[in-house]
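Add 174 to a position in the sequence shown, counting from 1, and you land on the number used in the working numbering.
Note that beta-carbon positions come from the ideal geometry of N, C-alpha and C, so glycine has one too.
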Amino acid sequence: MRLRIEYFDQNESFAKQLPREGLVVAKPKSGDSALPWHLVQLDAPVVYEQTEHTLVLLAARWEGYPIGGTEPASVFILLVPPSISTVTDGFSHKQFPHIAWGVCHVVGA
């Protein structure tokens, strides 16, 4: 599934990094969050605090508006450090910085 991620709120300094598109490459289950998480490989990296990030974790913020649904989803955006190439089941969402809130849309559906 391809997604378009747009900025919504909580970090104006990050807003200029979006929108970005990317592909959902995994749906890892968190060990400390019941939210469905989506690992997205971005088409173009975002740069935050002089570091390029090509992976982000997304989870829907609002019940009834899931990522991949017919309506855009409000999401938490977490940055995955470049030293990590994938996120596996049992991860802690607290290990990744929550960078902003966003809105994501399915692209090409």
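Annotation: His227 to Arg235 spans about 22 Å, alpha carbon to alpha carbon.
Out of Glu237, Ala218, Tyr181, the CA that lies nearest to the CA of Leu197 is found in Ala218. In this model, Ile179 and Gly243 are separated by some 14 Å (Cα to Cα).
Collapsing the DSSP output to three states places Phe250 in a strand. Only residues of its own chain outside the window of five on either side were considered, and among them none has a CB closer than 7 Å to the CB of Glu223.
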